[in-house]
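Peer 1: Chains as they are written, first to last, in this note's numbering: chain P, 1 to 156; chain R, 1 to 427.
#1: What number of angstroms, rounded off, separates the C-alpha of residue 67 of chain R from the C-alpha of residue 362 of chain R?
#2: Quickly, what does DSSP pair residue 77 of chain P with across the bridge? List them, please.
#3: Using a Cβ-Cβ cut-off of less than 9 Å, give me the residues of the stretch 380-393 of chain R that come near chain P, in sequence order.
#4: I'd like to check one pair, residue 86 of chain R with residue 125 of chain R: are the Cβ atoms closer than 7 Å?
#5: Would you say residue 177 of chain R lies against chain P (beta-carbon separation less than 7 Å)?
#6: Within the continuous beta strand (DSSP E) that includes residue 215 of chain R, where are the two ends?
#7: Going by beta-carbon coordinates alone, are residue 468 of chain R and residue 139 of chain R separated by less than 7 Å?
#8: Put residue 281 of chain R into one of helix, strand or coil per three-state DSSP.
#9: Could you tell me which residues DSSP pairs with residue 53 of chain R in its beta bridges?
#10: Indicate whether residue 95 of chain R and residue 157 of chain R have their beta-carbon atoms separated by less than 7 Å.
#11: Return the residues of the stretch 227-254 of chain R that lie within a Cβ-Cβ distance of less than 8 Å from chain P, sorted by chain order.
#12: Starting from residue 129 of chain P and walking both ways along the beta strand (DSSP E), at which residues does that stretch end?
#13: Does the stretch 337-349 of chain R come within contact of the stretch 164-178 of chain R, defined as at least 3 CB pairs closer than 8 Å?
#14: If you measure beta-carbon to beta-carbon, which residues of the stretch 66-91 of chain R are closer than 9 Å to chain P?
#15: May I ask which residues mark the beginning and end of the beta strand (DSSP E) holding residue 292 of chain R?
#16: Are residue 4 of chain P and residue 29 of chain P closer than 7 Å when you measure CB to CB?
#17: Would you call the stretch 39-59 of chain P in contact with the stretch 90-98 of chain P, where contact means no fewer than 3 C-beta pairs closer than 8 Å?
#18: Does the beta-carbon of residue 232 of chain R have 16 or more other beta-carbons within 10 angstroms, so that it is buried, or is it exposed?
#19: Just the Cα atoms here: how many angstroms apart are residue 20 of chain R and residue 278 of chain R?
#20: Please check if any C-beta of chain R sits within less than 7 Å of the C-beta of residue 101 of chain P.
#21: Suppose you measure from the CA of residue 243 of chain R to the CA of residue 252 of chain R; what does that come to, to the nearest Å?
#22: Using the Cα positions of residue 210 of chain R and residue 247 of chain R, report the straight-line distance between them to the nearest angstrom.
#23: Who does residue 72 of chain P pair with in a DSSP beta bridge?
#24: Which residue wins for smallest C-alpha separation from residue 126 of chain P, given the options P:132, P:62, P:136, P:118?
#25: Reducing DSSP to helix, strand and coil, say where residue 82 of chain R ends up.
#26: Is the beta carbon of residue 114 of chain P less than 7 Å from the beta carbon of residue 75 of chain P?
#27: Which first and last residues belong to the alpha helix (DSSP H) in which residue 380 of chain R is found?
#28: Smallest Cα separation from residue 71 of chain P: which of P:112, P:122, P:119, P:142?
#29: By the DSSP assignment, the beta strand (DSSP E) with residue 252 of chain R in it spans what residues?
#30: Between which two residues does the beta strand (DSSP E) carrying residue 162 of chain R extend?
#31: Closer than 8 Å between beta carbons: that is the criterion. Which residues of the stretch 53-68 of chain P meet it against chain R?
#32: If I'm right that residue 205 of chain R touches residue 74 of chain R with Cβ under 8 Å, what's the distance once you round it to whole angstroms?
#33: Are the stretch 276-290 of chain R and the stretch 316-323 of chain R in contact at 8 Å, needing three or more beta carbon pairs?
#34: Reducing DSSP to helix, strand and coil, say where residue 325 of chain R ends up.
#35: Is the Cβ of residue 72 of chain P closer than 7 Å to any Cβ of chain R?
#36: Which chain P residues are close to residue 129 of chain R, counting only those with a beta carbon under 7 Å from its beta carbon?
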């Protein structure tokens, strides 16, 4: 972990590295999409700051997770345009398909489901984001189909 | 429509990705060459004459802001491009970054040159993976073409732009919170003054501008202040990108010259409500904006006229609710959004939103009484007047405007509902 973190911090300018960008890069490098306690220690050591400071920044931002998440992240937009376009039905269909609530991870560690404030895709609401890809104008059935293809791909 | 024929600033009707070659073949980067060869003071004067104002929401005059950074004694200066487009219902900066990246980069380079900044940071919200990757590639291309980096177009001026990512915080669109976030701290707002133009990133003078604002600059420098003023009105020159969403036939981005009415925006640009439906309310300016009824749509899109009518243009989001929608559900959604995004630094915002959420839930469940509605208004006023930053000050806009225009929806949900919400006060 120390080596991975040291490399990221080194690329970003060592002690002058921007902490939030380091946290995001460390999280992206983690297969479980989170910043572990060990990673926090390594960041603090590499950047010569206190762990408290690393936690202070890490815990403020919604997109930084201090707990392990699934290898794939499904984010459901919760804002008014998506809400009016049928977000609740999509959320329910996906929750049923995965057997988890928003904020939880499937038992096999494959998928986490999250509700987010806004995806900036209101021109195709209701929108969801699967890892780096935004899907819009979805019906609950189409949303479930996206999840199924992700599961099939993930199990290969 | 005739407005499609005329040359605007973005011409978004084309819906085309303009790569570097296409951009240059249409005269792109001509403005930069012109600015690099001219007296910077004259270029700043052109921007001021054009009357360009910030398009992120605060509508501060752009030329003046550049001048404030430029006139600072400190030589180490920064430019920050605010692409933390967090206002729900807004997707204009997303469009610019994915379709017109070089128009943005040319604008950034001109602004940086005029402000005397040689280091820039493009702060893109976390949710925007595609815009981030297009911008990363475009920055690299511009560098290879000598349009960014060392000695731009042989002028001796150098500018490096680094890409930063947000991490899901709406508040980081506020400029002082944005600075804290870039510096690696929690994205909480700071006291102003000092303003970022005086002491910004790492304590150095910093020009912070929105993506849309900067992307206006090349066209103004190319075609002149008079041309720019020929679009829009005396009060608000130029055009505004409007993000249309909700119960409307056309959802998407349109470019509207200032002076057009919101009725034009909803019915002409947006094609009106879906068949058989009527417009019930229009939310302008996103979650932090207001809800207005159909009768008010004749107000023109113009900073002065909107301010007088109590409308905040904000980021230019226009979200339409038809007659099947509940106002309370939508206001409740906004309150939940702000409660999640509040940083918790000041009490009015943190606690006011919590109380507002409790009352909204009671109302929706049919458990509220009129006293609750009065309290909701009281708490919201406190939030508006006493919150530390713009988030808390604007969080209650949907509450206050909906109480004003749709008071009967609140009253009808109360167990002891009265006909007139303001009956007691006016008596």
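Backbone N, C-alpha and C define an ideal beta-carbon position, used for all residues, glycine too.
For clarity, every value in this text was computed on a predicted model and none was experimentally measured.
Peer 2: In this structure, then:
#1: 51 Å
#2: P:116
#3: none
#4: yes
#5: no
#6: Per DSSP, residue 215 of chain R belongs to no beta strand (DSSP E); it is in the alpha helix (DSSP H), 211-223.
#7: Nothing can be reported for residue 468 of chain R: it is not among the residues displayed for chain R, which extend from 1 to 427.
#8: strand
#9: R:61
#10: no
#11: 243, 244, 245, 246, 247, 251, 252, 253
#12: 128-130
#13: yes
#14: 85, 86, 87, 88, 89, 90, 91
#15: 290-293
#16: yes
#17: no
#18: buried
#19: 44 Å
#20: no
#21: 6 Å
#22: 28 Å
#23: P:111
#24: P:136
#25: strand
#26: yes
#27: 370-386
#28: P:112
#29: 252-257
#30: 160-165
#31: 56, 57, 60, 61, 62, 63, 64
#32: 5 Å
#33: yes
#34: coil
#35: no
#36: 132
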